[in-house]
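Colleague: Here it is, the structure, as structure tokens.
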Amino acid sequence: MSENIFTIVKRKNKKGWNIFGGHIDTTLQVRIYGQLGYLLDSQPTKITLSAAIGGYDSDDDERTMCDIDMAANTTATNYEQVLLVAESEIHVSGFAAILGPGTRIDARNRVNNSGWKFTDASGTKYKWTIDKCAKLWKLHDGSGNAVAAFNEGLFDTQGLGHLSMPASTDQEMMHVILITWGLVARGAMNNVVNMLMDQGMV
């Protein structure tokens with residue numbers, strides 16, 4: 001089965017992720033060859049998915065990840081077009097309303113921050129599961145079929161991982177997968193910070 005693969009890179013400011021088309025192995029290769037496709041901006045009560053428009057020239061090997069971050073941090077400029085926003089109340093972090101043109105999806109965090117679940121407009125249920133041992137996150141539909149998978153790989157050490165989904169995935173669903181991935185990733189980052197705080201390392 002053919003797949004769409006995205007390389008996801010943490011921003012240095014830890015406030016989001018940059019999403020590149022294709023499977024790229026290292027951050028150096030991202031700088032040289034990466035085609036920036038989407039931006040995920042993370043805030044305490046909001047995650048925004050935007051399409052990148054002319055924000056990164058892969059032929060310019062002098063461009064740094066800092067430059068990419070600068071492009072990613074702009075708002076409503078020629079660099080990006082907002083596609084979806086996941087909003088939550090500051091005191092109800094386990095719930096998010098995903099909003100966009102013609103889109104309203106309610107997502108909820110599962111028990112013990114083990115992933116998010118949501119129901120699409122057609123009534124199909126989905127849930128993210130996290131296998132910490134295999135460093136693999138999967139999105140399953142209500143029948144148990146895996147519709148997307150994220151391999152953490154170097155995510156902890158280099159801030160780089162890979163998200164795959166069937167090539168037949170339509171654009172609307174692709175966008176929902178990307179923004180709900182952001183919800184899962186933000187929760188995972190918060191878990192790491194809390195663990196470090198418990199250990200007195202933060």
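When we follow the UniProt record's numbering, the leftmost residue of the sequence shown carries the number 1, and every step to the right adds one.
Positions of the beta carbon are idealized from the N, C-alpha and C atoms, including for glycine.
1) Short of 6 Å in beta carbon distance, which residues of its chain neighbour W116, apart from the five on each side in sequence? Order them along the chain.
2) Using the three-state DSSP reduction, which class does Q35 fall into: helix, strand or coil?
3) Out of curiosity, what's the CA-to-CA distance linking N151 and L136?
4) Please name the residue in T157, P44, H140 and A121 whose C-alpha comes closest to that of D131.
5) Do I5 and H175 have their CB atoms nearer than 8 Å?
6) Quick check: what's the CA-CA separation for K10 versus S42?
7) In whole angstroms, what is the alpha-carbon distance linking K46 and L40?
8) Closest by CA to Q29, which one among S168, L160, A167 and F95?
9) Decide if A72 is buried, meaning its Cβ has at least 16 other Cβ atoms within 10 Å, or exposed.
10) Would you mind giving the Cβ-Cβ distance between E87 and S50, rounded to the nearest angstrom? I have them listed as a contact below 8 Å.
Modeller: Put simply:
1) Once the five neighbours on either side are set aside, the close Cβ partners of W116 are A107, N109, W128, T180, L183 and V184.
2) Coil at Q35, not helix or strand.
3) Looking at the two C-alpha atoms, the distance is approximately 5 Å.
4) Closest option to D131, Cα to Cα, is H140.
5) Contact flag unset, no.
6) The straight-line gap from Cα to Cα measures roughly 11 Å.
7) Computed Cα separation, rounded: 10 Å.
8) Minimum Cα-Cα distance from Q29 among the listed residues S168, L160, A167 and F95 corresponds to L160.
9) For A72, the predicted structure reports a pLDDT of 40, less than 50, and the residue's modelled location is therefore unreliable. The matter cannot be settled from this model.
10) Going by Cβ atoms, the distance from E87 to S50 rounds to 15 Å, so no, they are not a contact pair.
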